[in-house]
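The next block holds one structure in the form of structure tokens; read it before the comments.
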Amino acid sequence: MRHEWSNRLTFILAAVGSAVGLGNIWKFPYITGEYGGGVFIFAYLICICLIGLPIMLAEIALGRRGKQSPVNTMLQLSLEAGSHPSWSLLGWSGMAAGCLILSYYSVIAGEVMAYSFRAGSGMFNQQTVDGVKGILTTLVSDPEKLLAWHTLFMGVTVIAVAKGVRGGIEKTISFVMPALFVLLVVLVFYAMNSGGFEQAIDFMFTPDADKFFYARDQLGQYLMDAEGEKIFTWKPMMVAMGHAFFTLSLGMGAIMMYGSYLNRYVSIGQMALIIVSLDTVVALLAGLAIFPLVFANGLDPAAGPGLIFESLPIAFGNMAGGRLIGTLFFVLLFFAAWTSAISLMEPTVAWLTESKKMHRVKATVWTGTVIWFIGLASIFSFSGTTLGDILRILFSWFGLEYLELNHWFFKQSLFIIIDFLTASIMLPVGGLLIAIFAGWVMERDSTEREFSFNNRYVYPVWSVMVRYVTPFLVFIVFLNISGIFKF
Ligand code: PHE
Numbered sequence: 009m010r011h012e013w014s015n016r017l018t019f020i021l022a023a024v025g026s027a028v029g030l031g032n033i034w035k036f037p038y039i040t041g042e043y044g045g046g047v048f049i050f051a052y053l054i055c056i057c058l059i060g061l062p063i064m065l066a067e068i069a070l071g072r073r074g075k076q077s078p079v080n081t082m083l084q085l086s087l088e089a090g091s092h093p094s095w096s097l098l099g100w101s102g103m104a105a106g107c108l109i110l111s112y113y114s115v116i117a118g119e120v121m122a123y124s125f126r127a128g129s130g131m132f133n134q135q136t137v138d139g140v141k142g143i144l145t146t147l148v149s150d151p152e153k154l155l156a157w158h159t160l161f162m163g164v165t166v167i168a169v170a171k172g173v174r175g176g177i178e179k180t181i182s183f184v185m186p187a188l189f190v191l192l193v194v195l196v197f198y199a200m201n202s203g204g205f206e207q208a209i210d211f212m213f214t215p216d217a218d219k220f221f222y223a224r225d226q227l228g229q230y231l232m233d234a235e236g237e238k239i240f241t242w243k244p245m246m247v248a249m250g251h252a253f254f255t256l257s258l259g260m261g262a263i264m265m266y267g268s269y270l271n272r273y274v275s276i277g278q279m280a281l282i283i284v285s286l287d288t289v290v291a292l293l294a295g296l297a298i299f300p301l302v303f304a305n306g307l308d309p310a311a312g313p314g315l316i317f318e319s320l321p322i323a324f325g326n327m328a329g330g331r332l333i334g335t336l337f338f339v340l341l342f343f344a345a346w347t348s349a350i351s352l353m354e355p356t357v358a359w360l361t362e363s364k365k366m367h368r369v370k371a372t373v374w375t376g377t378v379i380w381f382i383g384l385a386s387i388f389s390f391s392g393t394t395l396g397d398i399l400r401i402l403f404s405w406f407g408l409e410y411l412e413l414n415h416w417f418f419k420q421s422l423f424i425i426i427d428f429l430t431a432s433i434m435l436p437v438g439g440l441l442i443a444i445f446a447g448w449v450m451e452r453d454s455t456e457r458e459f460s461f462n463n464r465y466v467y468p469v470w471s472v473m474v475r476y477v478t479p480f481l482v483f484i485v486f487l488n489i490s491g492i493f494k495f
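Printed below as a string of structure tokens:
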């Protein structure tokens, strides 16, 4: 028989474990920094409430009704609703997105592991800004080291997934999340006295629409077109919406998968609200901890994926007890990443065991190996390899001449391309289809039944959101997609 979560607390723990991860503490600060602060956070929060929350409800409800991996859940529910079985493609694109995301997630989580050792060895003690930057550069420009950490992280993820959902996730999360929360609060207090707090608050909460809507170069200068006008870009909007999906683990079936282990007597609305609130609070705390350090130490908020690795060690290196706190922080962040990684892999592994009748251990090892390989792309990205560089090498292997393509696309790294493709395109498209399916394709009776344990206002509000508001908003963002190709 298929097991269910022992109680509703364990579901919350697992779902929060999936949602809270590198997305909140590593990604949220650096994309906020890259896209100018205030307006970005505003756009992100709107997306969380109007898009994320309704889709979270939909995914939990679909999962609980289908009781299988996302592919088979979609297949069954579409047949049940008398619709086309191709809805199961949603599950397929979710599995692809999950594997692609995990490929770089694992590399960053590997860096986090490396940093817990660096913090523990006292390497950050009394470090200057340049010293800390040097430590990061040394790590990311050494592909072998990154590879070793990536391999280790994939290894522990495979072990956890192979053991099955009950194998300890619940216990891990119940101590990791509170402890991580406490450490973040400690860091925010430290940051308050760092001298950069006011500037950080200003940056995070004062809207500056220009910085959000107009393209800027690496130095933060606005790009100009031939007429000397600033160039409009829609990319930050796509990134903000994409991040709402990413941080809540939506649009790829992770939450659907966890919902499938949920028993019938639990209020979905309450669950979703708790998960979304906790996730958002953790992200905002991470921002409040990191940006003051960034400003106080003259770092660049738009430094990119290295932002937390450049800013936090300065704090750990200079605060009382920083060696212990720093080590603990990175260890906890590793655990948070681990519980998210497990949920990224689970839909694929569940599908392989259900439909291909593969043994769970074999399914996990196979999936892990494929993802490990894709991860190599990100490892080389961090040491500066672009898509153009890779094409040049591939061409030369086949004895062909590579004509330099000058479009900006070819100057991006595979990490940037994979991240944008998954977080900003695949997850929102997946989420849009989930909303349409739950709102329009499924019969009202069957969705309403999933909500019957809720307060009676939840269902009507949700159904208007998921039918009209959410799809409309996602659609609007996509409608302007051409706005990102303008430069
Ligand atoms: N939500 C996780 C994070 O914020 C990442 C994730 C995305 C996990 C998609 C599962 C599915 O780190």
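Its first residue numbered 9, the sequence shown is counted upward by one per residue in this note's numbering. Cβ coordinates follow ideal geometry from the N, Cα and C atoms, glycine included. These numbers come from a predicted model, not from an experiment.
Indicate, with yes or no, if the ligand PHE has a heavy atom lying under 7 Å from the CB of residue i.
| i | result |
| --- | --- |
| F254 | yes |
| S26 | yes |
| I109 | yes |
| L352 | yes |
| G31 | yes |
| S124 | no |
| G106 | yes |
| A262 | yes |
| S101 | no |
| S257 | yes |
| S391 | no |
| S348 | yes |
Rounded to whole angstroms, what's the CA-CA distance from residue i to residue j? Just pull it up for me.
| i | j | result |
| --- | --- | --- |
| Y476 | V466 | 16 Å |
| M9 | K365 | At M9 the pLDDT is 46, less than 50, meaning the model places this residue with poor confidence; the figure from the coordinates comes in the next sentence. Using only the alpha carbons, I get a separation of about 15 Å. |
| M353 | L110 | 8 Å |
| E235 | A217 | 21 Å |
| L154 | V164 | 16 Å |
| F19 | F390 | 35 Å |
| T430 | A104 | 9 Å |
| Q420 | V449 | 39 Å |
| I33 | T372 | 27 Å |
| T81 | T377 | 26 Å |
| S490 | I401 | 30 Å |
| A304 | L53 | 26 Å |
| I444 | M473 | 11 Å |
| G130 | M327 | 12 Å |
| V339 | S404 | 42 Å |
| L360 | A262 | 15 Å |
| N15 | N271 | 8 Å |
| F240 | V115 | 33 Å |
Helix, strand or coil for residue i per DSSP?
| i | result |
| --- | --- |
| F381 | helix |
| K238 | strand |
| Y476 | helix |
| S432 | helix |
| S182 | helix |
| F459 | coil |
| F132 | coil |
| Q278 | helix |
| G407 | coil |
| D287 | helix |
| D218 | helix |
| P78 | helix |
| M366 | coil |
| S471 | helix |
| M264 | helix |
For the alpha helix (DSSP H) that residue i lies in, which residues bound it at each end?
| i | result |
| --- | --- |
| S348 | G330 to S363 |
| N488 | Per DSSP, N488 belongs to no alpha helix (DSSP H) and is neither H nor E. |
| D152 | The sequence given here places Glu at residue 152; Asp does not occur at that position. From DSSP, the alpha helix (DSSP H) with E152 extends over P151 to K171. |
| F418 | That residue, F418, is in no alpha helix (DSSP H); it is neither H nor E in DSSP. |
| W100 | L97 to G128 |
| Y273 | It is not in any alpha helix (DSSP H) - Y273 carries neither H nor E in the DSSP assignment. |
| R73 | L61 to G74 |
| N15 | No alpha helix (DSSP H) holds N15; DSSP gives it neither H nor E. |
| N326 | L315 to N326 |
| E412 | That residue, E412, is in no alpha helix (DSSP H); it is neither H nor E in DSSP. |
| S91 | That residue, S91, is in no alpha helix (DSSP H); it is neither H nor E in DSSP. |
| T40 | F36 to E42 |
| C57 | Unbroken run through C57: none, as it is neither H nor E. |
| F253 | K243 to T255 |
| I209 | F205 to F213 |
List the residues that DSSP assigns as beta-bridge partners of residue i.
| i | result |
| --- | --- |
| R224 | Y230 |
Does the beta carbon of residue i sit closer than 8 Å to a beta carbon anywhere in chain D?
| i | result |
| --- | --- |
| N80 | In the structure shown, chain D cannot be found, because there is only a single protein chain. |
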